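K.L.:
Numbering of the sequence shown is given in UniProt numbering, commencing with residue 1 and proceeding in unit increments.
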Amino acid sequence: MAIATLTMTDEQRKSVALEYLKAFDNAGVTSTGGSILDLFAADAQVMFPKWGLATGREQIGRLFADVGGSLASITHHYAEFTWVFSGSDLVVVEGTSHGEHKEGPWRAGVPEWGAGRWCDVFEIRDFLIQRCFIYLDPDYAGKDTARYPWLSES
Numbered sequence: 001m002a003i004a005t006l007t008m009t010d011e012q013r014k015s016v017a018l019e020y021l022k023a024f025d026n027a028g029v030t031s032t033g034g035s036i037l038d039l040f041a042a043d044a045q046v047m048f049p050k051w052g053l054a055t056g057r058e059q060i061g062r063l064f065a066d067v068g069g070s071l072a073s074i075t076h077h078y079a080e081f082t083w084v085f086s087g088s089d090l091v092v093v094e095g096t097s098h099g100e101h102k103e104g105p106w107r108a109g110v111p112e113w114g115a116g117r118w119c120d121v122f123e124i125r126d127f128l129i130q131r132c133f134i135y136l137d138p139d140y141a142g143k144d145t146a147r148y149p150w151l152s153e154s
């Protein structure tokens with residue numbers, strides 16, 4: 001990771017995280033028309049469940065292409081976000097989403113056990129994302145039910 005040179009406030013870190021989430025909702029295009037990858041440091045890391053750890057913009061681009069290739073659309077519910085600031089470079093945001101996966105639609109809470117609830121842990125320095133670990137159920141269409149007997153009971 002790069003050495004920090006610019007001091008940032010929590011609100012500035014929040015604005016970088018929001019720009020990332022809004023770009024994800026906009027097929028990877030930022031509010032200025034740039035690529036979502038421009039929001040990351042050159043040696044950044046992103047972790048996505050069932051994909052693994054991507055290091056550097058090239059691998060992060062491949063991760064986003066793989067995950068994004070299975071989604072027709074996604075919308076994050078910004079008004080419902082919960083933000084946690086650490087007093088350092090870490091920002092945690094918990095939220096909900098809905099969208100269309102290639103295997104079907106999803107919406108947080110429908111069903112209650114399904115996809116749509118998520119939590120992202122960001123490390124943001126120098127106005128760039130250094131690390132983003134994404135915690136969610138990647139079974140957007142809710143098809144992986146055979147391995148969980150309690151789901152057939154609902």
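Even glycine gets a Cβ: it sits at the ideal position worked out from N, Cα and C. All figures in this text were calculated on a predicted structure; none of them were measured in a lab.
Under 9 Å, do A65 and G56 count as touching if we go by C-beta distance?
P.N.:
Here the question's residue 65 lines up with position 65 in the sequence shown. Here the question's residue 56 lines up with position 56 in the sequence shown. The answer is no: Cβ separation not under 9 Å.
K.L.:
Starting from P149, follow the alpha helix (DSSP H) in both directions and report where the run begins and ends.
P.N.:
Start at 1 with the first residue of the sequence shown, and residue 149 comes out as number 149. Counting along the chain, the alpha helix (DSSP H) containing P149 begins and ends at 149-152.
K.L.:
Return the CA-CA distance between G114 and G69, expressed in angstroms with no decimal places.
P.N.:
Numbered from 1 along the sequence shown, position 114 holds the residue referred to as residue 114. Numbered from 1 along the sequence shown, position 69 holds the residue referred to as residue 69. So the alpha carbons of these two residues sit roughly 20 Å apart.
K.L.:
When you compare only the Cα positions, how much space is there between S88 and T9?
P.N.:
Position 88 of the sequence shown, counted from the start, is the residue given in the question as residue 88. Position 9 of the sequence shown, counted from the start, is the residue given in the question as residue 9. Spanning the two alpha carbons is a distance of roughly 9 Å.
K.L.:
Are the stretch 13-30 and the stretch 122-136 touching, with three or more C-beta to C-beta distances below 8 Å?
P.N.:
The stretch 13-30, when compared against the stretch 122-136, does touch it at the 8 Å Cβ threshold.
K.L.:
Identify which residue in G95, V67, I36, I74 has its Cα closest to the Cα of K50.
P.N.:
One-based indexing of the sequence shown puts residue 50 at position 50. That would be V67, whose Cα lies nearest to the Cα of K50.
K.L.:
So D120 and I134 are supposed to be a Cβ contact under 8 Å. How far apart are they, rounded?
P.N.:
As a first step, residue 120 is located in the sequence shown; it is residue number 120 there, counting from the start. As a first step, residue 134 is located in the sequence shown; it is residue number 134 there, counting from the start. Indeed they touch by this definition, with Cβ atoms about 5 Å apart.
K.L.:
Between the Cα of Q12 and those of D25, L37, W83, spot the shortest distance and give me the residue it belongs to.
P.N.:
Reading the sequence shown from its first residue, position 12 is the one you call residue 12. For Q12, the nearest C-alpha among the options comes from W83.
K.L.:
Only counting runs of 3 or more residues, tell me where the beta strand (DSSP E) segments fall wholly within the stretch 24-52, in order along the chain.
P.N.:
Whole beta strand (DSSP E) segments, 3+ residues: 40-48.
K.L.:
Compute the Euclidean distance between the alpha carbons of L37 and I74, then round it to the nearest angstrom.
P.N.:
The residue you call residue 37 lines up with position 37 of the sequence shown. The residue you call residue 74 lines up with position 74 of the sequence shown. Computed Cα separation, rounded: 18 Å.
K.L.:
Are V93 and L6 close, meaning C-beta to C-beta below 9 Å?
P.N.:
As a working note, residue 93 is residue 93 in the sequence shown. As a working note, residue 6 is residue 6 in the sequence shown. Cβ distance not < 9 Å, so V93 and L6 don't count as in contact.
K.L.:
Would you tell me roughly how many angstroms separate the C-alpha atoms of V29 and A23, rounded to the nearest one?
P.N.:
Locating residue 29 in the sequence shown gives position 29, where the first residue counts as 1. Locating residue 23 in the sequence shown gives position 23, where the first residue counts as 1. Roughly 5 Å between the two C-alpha positions.
K.L.:
Can you give the Cα-Cα distance for R62 and R131, rounded to whole angstroms?
P.N.:
Here residue 62 corresponds to residue number 62 of the sequence shown, with the count starting at 1. Here residue 131 corresponds to residue number 131 of the sequence shown, with the count starting at 1. Rounded to the nearest angstrom, the two C-alpha atoms are 16 Å apart.
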